[in-house]
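Undergrad: Keeping their order, the protein sequence lines are chains A and B. Take any residue in the first sequence, note its place counting from 1, add 272, and you have its number in this note's numbering. Take any residue in the second sequence, note its place counting from 1, add 272, and you have its number in this note's numbering. Beta carbons are placed, not taken as given, at the ideal position from N, Cα and C, and that holds for glycine. None of these values were measured; they are calculated from a predicted model.
There are 2 protein chains.
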Amino acid sequence: MDIQENKFVTYDKGQIALYKGDVCKYGFFVKKGCLKSYVIDKSGKEHILQFAPENWFVSDIESLLTGNPSTTFIEAIEQTEAELFPRSYLEKKDLMTKEELLLQNQKLIKNILMTNRRLASILSATGEERYLEFLNIYPSLAQRLPLKLIASYIGVTPEYLSDIRKKLAKK
Amino acid sequence: MDIQENKFVTYDKGQIALYKGDVCKYGFFVKKGCLKSYVIDKSGKEHILQFAPENWFVSDIESLLTGNPSTTFIEAIEQTEAELFPRSYLEKKDLMTKEELLLQNQKLIKNILMTNRRLASILSATGEERYLEFLNIYPSLAQRLPLKLIASYIGVTPEYLSDIRKKLAKK
DNA sequence: ACTATTTCTTAAGATATCTTAATTTTTTTG
DNA sequence: CAAAAAAATTAAGATATCTTAAGAAATAGT
Numbered sequence: 273m274d275i276q277e278n279k280f281v282t283y284d285k286g287q288i289a290l291y292k293g294d295v296c297k298y299g300f301f302v303k304k305g306c307l308k309s310y311v312i313d314k315s316g317k318e319h320i321l322q323f324a325p326e327n328w329f330v331s332d333i334e335s336l337l338t339g340n341p342s343t344t345f346i347e348a349i350e351q352t353e354a355e356l357f358p359r360s361y362l363e364k365k366d367l368m369t370k371e372e373l374l375l376q377n378q379k380l381i382k383n384i385l386m387t388n389r390r391l392a393s394i395l396s397a398t399g400e401e402r403y404l405e406f407l408n409i410y411p412s413l414a415q416r417l418p419l420k421l422i423a424s425y426i427g428v429t430p431e432y433l434s435d436i437r438k439k440l441a442k443k
Numbered sequence: 273m274d275i276q277e278n279k280f281v282t283y284d285k286g287q288i289a290l291y292k293g294d295v296c297k298y299g300f301f302v303k304k305g306c307l308k309s310y311v312i313d314k315s316g317k318e319h320i321l322q323f324a325p326e327n328w329f330v331s332d333i334e335s336l337l338t339g340n341p342s343t344t345f346i347e348a349i350e351q352t353e354a355e356l357f358p359r360s361y362l363e364k365k366d367l368m369t370k371e372e373l374l375l376q377n378q379k380l381i382k383n384i385l386m387t388n389r390r391l392a393s394i395l396s397a398t399g400e401e402r403y404l405e406f407l408n409i410y411p412s413l414a415q416r417l418p419l420k421l422i423a424s425y426i427g428v429t430p431e432y433l434s435d436i437r438k439k440l441a442k443k
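1. On a Cα-Cα basis, can you pick out the residue from A:Asn408, A:Gly305, A:Ser434 that is closest to A:Ala354?
2. Check this for me: beta carbons of B:Val295 and B:Thr343, under 8 angstroms apart or not?
3. B:Leu307: buried (16+ other C-beta within 10 angstroms of its C-beta) or exposed?
4. For a quick check, are the C-beta atoms of B:Leu404 and A:Ile381 less than 8 angstroms apart?
5. Starting from the N-terminal side, write out each stretch of the beta strand (DSSP E) that is 3 residues or longer and does not extend beyond the segment 296-342 of chain A.
6. From A:Leu407 to B:Tyr298, what does the alpha carbon distance come to, in whole angstroms?
7. Along the beta strand (DSSP E) that carries A:Glu353, what are the first and last residues, could you check?
8. Please report the residue range of the beta strand (DSSP E) in which B:Ala348 lies.
9. From this set, B:Arg359, B:Ser315, B:Ser309, which residue's C-alpha is nearest A:Thr398's C-alpha?
10. Where does B:Tyr283 fall in DSSP's three states?
11. How would you label B:Pro418, buried or exposed, when you count the other beta carbons within 10 angstroms and need 16 or more for buried?
12. Quick check: A:Ile333 and B:Ile394, are their CB atoms within less than 8 angstroms of each other?
13. At the 8 angstroms Cβ level, is A:Val302 part of the contact set with chain B, yes or no?
14. Any residues in the segment 392-423 of chain B with a beta carbon nearer than 8 angstroms to a beta carbon of chain A? Which ones, in chain order?
15. Is the distance from the Cβ of B:Ser331 to the Cβ of A:His319 below 8 angstroms?
16. From this set, B:Glu400, B:Asn278, B:Leu337, which residue's C-alpha is nearest B:Arg359's C-alpha?
17. Does any C-beta atom of chain B lie closer than 8 angstroms to the C-beta of A:Asp313?
18. CA-CA distance, B:Leu374 and A:Leu373?
19. Would you mind working out which of B:Gln351, B:Arg437, B:Gln376, B:Pro411 sits nearest B:Lys285, comparing C-alpha positions?
20. Going by CA-CA distance only, name the one from A:Asp313, A:Asn278, A:Phe323, A:Asn388 that's closest to A:Phe357.
21. So B:Lys420 and B:Pro411 are in contact, right, with Cβ under 8 angstroms, and what is the actual spacing, rounded?
22. With respect to the beta strand (DSSP E) encompassing B:Leu290, which residues constitute its N-terminal and C-terminal limits?
23. Give a yes or no on whether 8 angstroms exceeds the smallest Cβ distance from A:Gly286 to chain B.
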């Protein structure tokens with residue numbers, strides 16, 4: 273039985289679902305298309321924290337749960353359809369069954385695993401190694417996304433990723 | 273009411289509580305002292321994922337929950353006393369009350385926030401900026417820990433952090 | 001199909017950060 | 001307290017990665 277009905281929204285490619293500074297009112301569960309969450313640094317460069325293709329969840333969790341202004345942007349990379357989970361949904365845990373809570377628990381743990389793996393990678397691997405890891409872990413995303421976005425995700429400039437590709441091609 | 277009794281263990285400075293490759297049988301809740309979790313890269317260099325001073329929890333969560341060999345080491349930075357939470361404790365969620373589950377969820381969310389913040393920082397900030405952030409976020413750890421470990425945590429070499437400090441001192 | 005826009009590639013020079021190695025300072029230990 | 005071990009500093013040269021800029025290729029819009 274559903275706790276409550278959630279809204280569905282469609283975003284055009286390039287449309288921004290959450291602006292930095294706004295309070296994040298929803299978690300976004302992607303049904304179709306792909307969202308990205310990112311920060312913009314002092315010099316105006318974009319750094320992608322997460323891709324959310326089909327069946328992935330993305331949000332500015334801190335903002336969503338605390339009501340603080342969000343520190344990230346969320347934007348549609350492609351035409352995207354998403355289900356919106358409002359804060360009230362996530363807050364009303366008394367309305368959640370234990371099973372739902374456990375499920376949420378599992379998802380949080382998976383999130384932690386992935387982020388930790390990525391942190392370890394970015395601390396200890398070179399750009400080339402991180403690119404190869406990305407190809408391994410997200411083969412379908414690697415084909416679907418433009419180089420520019422992959423570069424931002426693995427933490428190198430597009431020009432440098434282009435170099436990396438050239439080097440790899442020679443091998 | 274306690275679900276079960278957990279063991280307490282004392283580690284000497286430098287003693288390893290979890291070896292990479294072993295299955296992680298416990299979560300470590302630090303009562304006194306400080307643990308660190310870290311990975312070792314191909315060239316033998318250590319990269320610190322987390323510090324766990326008093327009242328912090330550290331583990332190789334993936335290994336703990338799945339039984340896979342752990343990818344990280346956990347080691348005592350100082351003489352440390354820790355409470356061991358065995359896998360069985362964390363698995364028996366059916367024995368947990370809803371409140372305990374909620375609390376665990378909150379902790380997981382906090383963990384995600386911190387890791388995400390760190391990821392954003394390492395993707396977008398220079399070594400110097402990350403050092404200043406560290407001083408801001410963990411002023412007491414900054415005094416307590418040797419430069420070497422802080423360098424590893426923020427992702428620079430000790431020599432370079434030494435340079436950074438010198439530059440900052442001049443300002 | 002054509003033009004405009006975005007993305008990708010290439011290359012050269014610049015910079016942050018690393019490596020190595022030697023020296024000094026601090027901490028630990030017998 | 002002295003000796004040994006560990007940590008921190010310094011400096012010079014090396015390297016990964018970035019910046020800028022321009023041209024080529026691909027994609028999207030009319």
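TA: According to the structure shown:
1. Your numbering for residue 354 of chain A matches position 82 in the first sequence. Taking only the C-alpha atoms, the option nearest A:Ala354 is A:Gly305.
2. In the second sequence, residue 295 of chain B corresponds to position 23, counting from 1. In the second sequence, residue 343 of chain B corresponds to position 71, counting from 1. Result no, Cβ atoms of B:Val295 and B:Thr343 do not sit closer than 8 angstroms.
3. Indexing the second sequence from 1 puts residue 307 of chain B at position 35. Classification for B:Leu307: buried.
4. By 1-based counting over the second sequence, the position of residue 404 of chain B is 132. By 1-based counting over the first sequence, the position of residue 381 of chain A is 109. With contacts defined by Cβ atoms closer than 8 angstroms, B:Leu404 and A:Ile381 do not form a contacting pair.
5. For the segment 296-342 of chain A, whole beta strand (DSSP E) runs of length 3 or above, ordered along the chain, are 298-304, 307-312, 318-324.
6. On the first sequence, position 135 is the one that residue 407 of chain A refers to. On the second sequence, position 26 is the one that residue 298 of chain B refers to. Across the structure, A:Leu407 and B:Tyr298 are spaced so that their CA atoms are roughly 33 angstroms apart.
7. Here residue 353 of chain A is taken as the residue at index 81 of the first sequence, counted from 1. From DSSP, the beta strand (DSSP E) with A:Glu353 extends over 352-358.
8. In the second sequence, counting from the first residue as 1, residue 348 of chain B sits at position 76. That run of the beta strand (DSSP E) goes 345-348.
9. The sequence position of residue 398 of chain A within the first sequence is 126, counting from 1. Considering only alpha carbons, the answer is B:Ser315.
10. On the second sequence, residue 283 of chain B is found 11 positions in, with the first residue counted as 1. It is a strand residue.
11. The residue given as residue 418 of chain B occupies position 146 in the second sequence. Flag for B:Pro418 reads exposed.
12. On the first sequence, position 61 is the one that residue 333 of chain A refers to. On the second sequence, position 122 is the one that residue 394 of chain B refers to. In this structure, B:Ile394 does not lie closer than 8 angstroms to A:Ile333 by Cβ.
13. In the first sequence, residue 302 of chain A corresponds to position 30, counting from 1. No, no contact with chain B.
14. Ala392, Ile394, Leu395, Ser396, Ala397
15. Your numbering for residue 331 of chain B matches position 59 in the second sequence. Your numbering for residue 319 of chain A matches position 47 in the first sequence. No, the pair does not count as a contact, with Cβ atoms beyond the cut-off.
16. Against the second sequence, residue 359 of chain B aligns to sequence position 87. Cα-wise, what sits closest to B:Arg359 is B:Leu337.
17. Numbered from 1 along the first sequence, position 41 holds the residue referred to as residue 313 of chain A. True, the Cβ-Cβ gap to chain B drops below 8 angstroms.
18. Within the second sequence, residue 374 of chain B is the residue found at index 102, counting from 1. Within the first sequence, residue 373 of chain A is the residue found at index 101, counting from 1. For B:Leu374 and A:Leu373, the distance between alpha carbons rounds to 8 angstroms.
19. In the second sequence, counting from the first residue as 1, residue 285 of chain B sits at position 13. Residue B:Gln351 is the option with its Cα nearest to B:Lys285.
20. Position 85 of the first sequence, counting from 1, holds the residue named residue 357 of chain A. Looking at the Cα atoms, A:Asn278 is the closest of the given residues.
21. Numbered from its first residue, the second sequence carries residue 420 of chain B at position 148. Numbered from its first residue, the second sequence carries residue 411 of chain B at position 139. Not really, about 18 angstroms apart at Cβ, beyond 8 angstroms.
22. Locating residue 290 of chain B in the second sequence gives position 18, where the first residue counts as 1. 288-290 is the span of the beta strand (DSSP E), which, as asked, contains B:Leu290.
23. As a working note, residue 286 of chain A is residue 14 in the first sequence. Chain B, which has no Cβ nearer than 8 angstroms to the Cβ of A:Gly286, makes this no.
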